[in-house]
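Protein sequences appear in the order of chains A and B.
Going by my numbering, the letters in the first sequence line up with residues 1 to 418, in that order.
Going by my numbering, the letters in the second sequence line up with residues 1001 to 1418, in that order.
Reviewing the structure listed below.
2 protein chains.
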Amino acid sequence: MSLTAEILSIGTELLLGDIINTDAQVISQGLSELGINLFYTSVVGDNPERIKKSVELAKSRADLLITTGGLGPTYDDITKETVSACYSRPLVRHEPTIERLKEYFAKRNITLTENNYSQAMLPEGCDVLVNDWGTAPGVALEADGKMVIMLPGPPSECGPMWTERAMPWLRSKSDACLVSRTIRVVGLGESPMEAMLRPIIEKMTNPTVAPYAKVGECLLRVTAKAPTHEEAFAMTEPVVKDMCERLGDVVYGVDVDSLEARVVELMTEKKLTLVTAESCTGGLVSQRITSVPGASEIYLGGGVTYSNEMKTRLLGVPAELIKEHGAVSSEVAAAMAKGARERFGADVAIALSGVAGPSESEGKPMGLVYIGLSTKDGEVVRKCQFGRSGGRERVRSNAATTALDMVRRAVSGLPTEW
Amino acid sequence: MSLTAEILSIGTELLLGDIINTDAQVISQGLSELGINLFYTSVVGDNPERIKKSVELAKSRADLLITTGGLGPTYDDITKETVSACYSRPLVRHEPTIERLKEYFAKRNITLTENNYSQAMLPEGCDVLVNDWGTAPGVALEADGKMVIMLPGPPSECGPMWTERAMPWLRSKSDACLVSRTIRVVGLGESPMEAMLRPIIEKMTNPTVAPYAKVGECLLRVTAKAPTHEEAFAMTEPVVKDMCERLGDVVYGVDVDSLEARVVELMTEKKLTLVTAESCTGGLVSQRITSVPGASEIYLGGGVTYSNEMKTRLLGVPAELIKEHGAVSSEVAAAMAKGARERFGADVAIALSGVAGPSESEGKPMGLVYIGLSTKDGEVVRKCQFGRSGGRERVRSNAATTALDMVRRAVSGLPTEW
């Protein structure tokens, strides 16, 4: 029987809309990886009475409560007191945490003030989740037949505390091991993917296979349960292989971070270099590539040629060509890619010219984007008409994804036109 | 007496962590602008029983319930049925919506299938919130002494439906008018800003003034309440003026969208052109500028010179200079800016070279970034050491913000070094 969980995020700043609740997303993803059902998540402000009500509600309807926020040393950090009281556990002073705090502050030459000691007051009988990313420790607790985990709120602490501390703790409480594999797909929508695989997916129980939609791509999660990690992993293997074969070359990777990470990985393996020439995307492709640590192995740089004159000056696109066909044209996209590859001295160049919106341009519709690819074998151009309903940002994002996929396909020896 | 509200986001995909709940953030911001207290937000999956429980809970503790998601035509879109039942309102067929759907599909040459008509089944006696951004209409309802608003889930629909339809509906229900003005600040942290203004802010009741922190910047919200919009706006005027004077030139705008939008606006007014030369930010500055509609008025383009050779090839930075000082140096940042301005033919150039991380580079620490600015008056360089705790993405984001602010300061005639 599988556990049910509930997330309670604590912090008035979340209710004011000043920050977005990324913690809840990270924890949700982890729970789905662990095979724990999540039925509700909530946000409540720094108010003891409302926190208490929310905790009691969660306690009544879920096996596991995970809170984020309110573990710090200031007066509005009241999570531990309030939550522990709901489980009738007094707070006791945790000496190893006091020592850690003293060390932490000494190393930084900061005076440890009295309110900091409140961070070392932890529920009696809890497992302390050591915080290597900040000062406030996390808490894992079993009480009244339920489990409770309390994590700090700042995403830079909550993320690693969840994956490195809380998730292993939850795994240690389970007699079964879950392994999840992610097959990432670009160039095929979630609906056709689901329609294609549904008859097979429906019959599976262990491993299970589930499709998900992401912005501009989709993914298939294969999850197996077994007594050990090794056994569970081995069970996923034939299913991952089978799914990849069924889906074909729209699969860009298994257990990879992102399309741009896959492009960097592929080109690093093949010792190829890449340059970019962007108009409508205005640097989005280069920004995504350079967000990958180690991108400098393959990425030399590129031009953001927003004006027509820059296309000529930087990439050598003939002014007459632009005049004749317009900047948003197959001819100009090809010339941009060719110019970038030759002038910047790379193996592969990708170029984009299109109408990001919000309105039409040169009499061409919003969402029309030409993507040119140049390699030693010459240039190919793909004409795309992206939907308008997501606005300018969505057109740019879809164009960047398609461009990155063209690069992936080219360096993998797959057709770039289909 | 002020209203209390609760947001209920409906959708299993939110609980799986596959998408982040941006709708809740947008609505939270709007509620705080309207002066409506938000005490709880929750997420629940596409499950009728759990949706019902959540609605009943919200009904018992808030005056206004806002739901997002589940308004579409497919079998798991059950928000309207489930919510309306909690307020004892049957669903009735709304003919104008049927007409709109017919038109929408005819225009796109898509066959209108039977399940689409379900979108026109709306709670009896409701106000229909016309959806100009998709097919499913929203709902505003007064029943059992409470208010309910139902909005579609896709952020590209929920955002405008909230600001253009639901917020005006809420304003029409109030006998007082609220006007909020936003003073946007860059280069001064939230804590020093708050410390500086607290004695004045604390005494204010109408208008109220509240500080908020955003990524890389902060803002001050001035909110006035009066019988009419004009009166409320007039009440904000002297306060906005006073706050701007107290804060000085760290204020980059009042009621503007973003720093990049302000840069585009300023340079358009002054008929100046801009180019960029980016290394560590890899196109983030150009991407932010070109995210502003109308950026082509001022932005010509730029180079993403990730490799040293590209710095020489594209910007004419002497190879010896890089060899002598390293690519991450004041000298190279200045040469990049100068090269970009001269070669690309613009009034202003901004250049960045630094160590984004995750580790050090050239023996220089992660987070060290040199930002060079070139104008007809010559070059200035700012040396920045950004914090490491937010990782590579935070370093890049802070560097881009600082660069955009240097451009703002330069074109406004303010000192660029301080």
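From the three backbone atoms N, C-alpha and C, an ideal C-beta is built for every residue, glycine too.
Cβ-Cβ distances below 7 Å link Val1317/B to Lys1311, Val1332, Ala1335, Met1336, Gly1339 in the same chain, with the five nearest sequence neighbours on each side left out; the list follows chain order.
For the stretch 298-325 of chain A, the set of residues with a beta-carbon nearer than 9 Å to any beta-carbon of chain B comprises Tyr299, Leu300, Gly301, Gly302, Gly303, Val304, Thr305, Tyr306, Ser307, Glu309, Met310, Lys311, Arg313, Leu314, in chain order.
In the structure shown, Pro365/A falls within a coil segment according to DSSP collapsed to helix, strand and coil.
When only Cα atoms are considered, Ile350/A and Ser286/A end up about 10 Å apart.
Listed as beta-bridge partners of Lys146/A by DSSP are Ala143/A.
9 Å or more divides the Cβ of Gly45/A from the Cβ of Gly153/A. In this structure, Leu151/A lies near Thr68/A, with their beta-carbon atoms less than 9 Å apart. Under DSSP, the beta-bridge partners assigned to Gly354/A are Val369/A. The three-state secondary structure of Met1204/B, taken from DSSP, is coil. For Glu237/A, the secondary structure class from DSSP, reduced to helix, strand or coil, is helix.
Contact annotation: in the stretch 1083-1110 of chain B, no residue has its CB less than 9 Å from a CB in chain A.
Taking C-beta atoms under 8 Å as the contact rule, Val1292/B and Ala1261/B qualify, at a distance of about 5 Å. The alpha-carbon of Leu1247/B is positioned some 45 Å away from that of Gly1070/B. Around the C-beta of Arg409/A, 16 or more other C-beta atoms lie within 10 Å, and the residue is accordingly described as buried.
Identification of chain A residues near Ala1213/B by a Cβ-Cβ cut-off of 9 Å yields Glu13, Asp18, Ile19, ordered along the chain. A contact is defined here as three or more CB-CB pairs under 8 Å, and the stretch 295-307 of chain A fails this definition with respect to the stretch 387-398 of chain A.
Between Leu404/A and Leu259/A, the C-beta spacing is below 9 Å.
Minimum Cα-Cα distance from Ala1327/B among the listed residues Val1275/B, Phe1233/B, Asp1063/B, Ser1307/B corresponds to Ser1307/B. Among the bridge pairs identified by DSSP, Met121/A is matched with Arg93/A. In the structure shown, Phe386/A falls within a coil segment according to DSSP collapsed to helix, strand and coil. Between the alpha carbons of Ile1020/B and Lys107/A lies a distance of about 37 Å.
Runs of the beta strand (DSSP E) lying entirely within the stretch 1243-1313 of chain B, each at least 3 residues long, are 1251-1254, 1274-1278, 1299-1305 in chain order. Annotation: the continuous beta strand (DSSP E) that includes Ile1183/B extends over 1177-1185. Neighbourhood of Ser1389/B in chain A, by CB distance below 7 Å: Ser156, in chain order. Residue-level contact check: Ser28/A touches chain B, since one or more beta carbons of chain B fall below 9 Å from its beta carbon. Residue-level contact by beta carbon fails for Leu352/A and chain B, as no gap is shorter than 9 Å. Within its own chain, the residues whose Cβ lies closer than 6 Å to the Cβ of Ile289/A, once the five positions on either side in sequence are excluded, are Glu260, Ala295, Tyr299, listed in chain order. For the 9 Å CB-CB criterion, Pro1123/B and Lys1080/B form a contact. As far as DSSP is concerned, Pro1048/B takes part in no beta bridge.
Counting C-beta atoms within 10 angstroms of its own C-beta, Ala62/A has 16 or more neighbours from the protein chains shown and is therefore classed as buried. Excluding sequence positions up to five before and after Pro73/A, its CB lies within less than 6 Å of the CB of Asn115, Asn116, Ser118, Gln119, all in the same chain and listed in chain order.
Listed along the chain, the chain A residues whose CB falls inside 8 Å of the CB of Phe1344/B are Met310, Arg313, Leu314. Only residues of its own chain outside the window of five on either side were considered, and among them Glu331, Val332 have a CB closer than 7 Å to the CB of His325/A, listed in chain order.
Using a Cβ-Cβ cut-off of 9 Å, Gly1134/B counts as an interface residue toward chain A, since at least one Cβ of chain A sits closer than that to its own. Asn37/A has its alpha-carbon roughly 14 Å from the corresponding atom of Thr208/A. Per DSSP, Ala1005/B is one residue of the beta strand (DSSP E) stretching across 1004-1010.
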